[in-house]
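In mature numbering (1 follows the signal peptide of the UniProt record, and there is no 0), the protein residues as written are -21 to -1, 1 to 442.
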């Protein structure tokens, strides 16, 4: 054991380091169901000036990948572990399911808090009933209900705000920043409800897109612009609090857009709920403290599991062992080649594998085996009042799909018949990953959580 005097010196050293700006504030923003084609820096018709400005001041991530749906991506963000290793690879958690994120894994905010960070979370959790936030995958933007109950809490206290949720979160974010003790570095996990369905937005935002004929698309893009205003408020609050210059901002979608509910990933193939690029290639960027090459686009590979070790590295915090994530901080800071050369899109043996049975990427090549998910097509933005035409597919294709994403990023040309050796290489590697797969934790509903038992609020009655 170290003598007491040395322990005291270590404590003082840590305190000084935390106070002298060596440890940046970190804001990790997650947008829900945001499509590849749904931000202004990619689509000139989208009004998102605040997001576009942050992206332009930082580095746009051109090949940043996530899982096909909400819960698996959030599992990866929080633990740095592939969802198929902890039973979270199958769809998203539903209200009433007695399931949660792996209890034996250290989470990103836990590790930061242990190392002196003041940690906060706003918005969507969706990793079980175990934060001004809601537990489930979606709620009404105005009355905060899902099914037959209300789902909203201030830490553990059930509450029911009256304002449009995007603006409610913005108010709390401003409060957190205004009252933050600047002797500590801050971590804010800001997981917006926007732009997940239900498609709801104040009419003033819908009216900003009056030229768009499709009502759903008009409202959806209004939701994007409301999200953008909230992020503009966040940056202004950071500046007013004197925190902005020492803050690293990370932005990512949790999965691709959902064309059935007016999100758009065109020209990428597929949608949320598929392992095609449209379901898994996220709109993402990093901006602010530590980014040395602003105004650039990073072409290297990243995966959702990489955010935990990358953020810990940016924070100057010791890494967690036995995770799948790769520390990408040096690559992002200095625009160096990616340390990631391969990743798993998903592995799921629970039938029906609606979010995709199995897919892997190695270098430029991607292999899909079995069902790729519900959406297999290419979906341009709707041009009239009709609901977007989406071809939900449950059949399992007989032939594996092999794509060279460098030459064919939109997945038109299946090379399975031409590139037999490459297929065997990717197939062999996928089988190695499968050895670590655990059964999906996807139980039926348990009435112990029913709102009728808790004054109308969804509550973890099995804890």
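Ideal Cβ placement from N, Cα and C applies to all residues, glycine included.
Query	Result
Within 9 Å, strictly: CB atoms of residue 165 and residue 4	yes
Nearest residue (CA-CA) to residue 173, options 218, 359 and 241	241
Minimum C-alpha distance to residue 280 - residue among 143, 270, 288 and 321	321
Cross-strand partners of residue 133 (DSSP beta bridge)	136
Close beta carbons around residue 416, own chain, < 6 Å, minus the five adjacent residues each side	63 and 326
Within 9 Å, strictly: CB atoms of residue 468 and residue 100	Any question about residue 468 goes unanswered here, given that the chain covers just -21 to 442.
Span of the alpha helix (DSSP H), counted from its first residue to its last, around residue 216	194 to 219
Beta-carbon proximity of residue 268 to residue 314, cut-off 9 Å	no
Cβ neighbour criterion (16 or more within 10 Å) applied to residue 443	Past the edges of the chain, shown from -21 to 442, lies residue 443, and the structure says nothing about it.
As assigned by DSSP and simplified to three states, the class of residue 413	helix
9 Å Cβ cutoff met for residue 248 and residue 236	no
C-alpha gap between residue 429 and residue 288, whole angstroms	37 Å
Three-state secondary structure assigned by DSSP to residue 42	strand
For residue 325, three-class secondary structure by DSSP	strand
Inter-residue spacing [alpha-carbon to alpha-carbon] between residue 1 and residue 393	49 Å
Distance between residue 195 and residue 111 (C-alpha atoms, nearest Å)	In this prediction, residue 111 has a pLDDT of 46, which is less than 50 and means its spatial position is unreliable; what the coordinates show is noted afterwards. For residue 111 and residue 195, the distance between alpha carbons rounds to 28 Å.
Inter-residue spacing [alpha-carbon to alpha-carbon] between residue -3 and residue 160	Low confidence applies to residue -3: its pLDDT is 43, below 50, so where it sits in the model is not reliable enough to give any reading.
Nearest candidate by alpha-carbon position, reference residue 378, set 405, 363 and 349	349
Beta-ladder partner(s) of residue 340, from DSSP	322 and 345
From 265, 208, 32 and 260, residue whose alpha carbon lies closest to that of residue 389	260
Integer-rounded CB distance, given that residue 254 should sit under 8 Å from residue 55	About 14 Å; that fails the 8 Å criterion.
Run of the beta strand (DSSP E) containing residue 63, from where it starts to where it stops	Careful: residue 63 lies outside any beta strand (DSSP E) and carries neither H nor E.
Residue 145 versus 180, 129 and 232, residue with shortest Cα-Cα distance	180
Outcome for residue 266 when other beta-carbon atoms lying within 10 angstroms are tallied against a minimum of 16	buried
Straight-line Cα distance separating residue 182 from residue 189	11 Å
Spatial distance of residue 298 from residue 307 (CA atoms)	12 Å
Residue 53 classed as buried or exposed, judged by whether at least 16 other C-beta atoms fall within 10 angstroms	buried
Cutoff 6 Å; reference residue 412; Cβ partners in own chain excluding five residues on either side	323
Best match in 46, 426, 142 and 59 for proximity to residue 121 [C-alpha to C-alpha]	142
Where residue 270 falls, given that 16 or more other Cβ within 10 Å makes a residue buried	buried
Short Cβ contact (9 Å threshold) for residue 358 with residue 381	no
Whole-Å CB distance - residue 431 paired with residue 204, under 8 Å assumed	Incorrect: roughly 38 Å between the Cβ atoms, too far for contact.
Proximity of residue 58 and residue 302 at Cβ, strictly below 9 Å	yes
Alpha-carbon to alpha-carbon, residue 362 and residue 193	6 Å
For residue 145, three-class secondary structure by DSSP	helix
Rounded C-alpha distance that separates residue 86 from residue 397	43 Å
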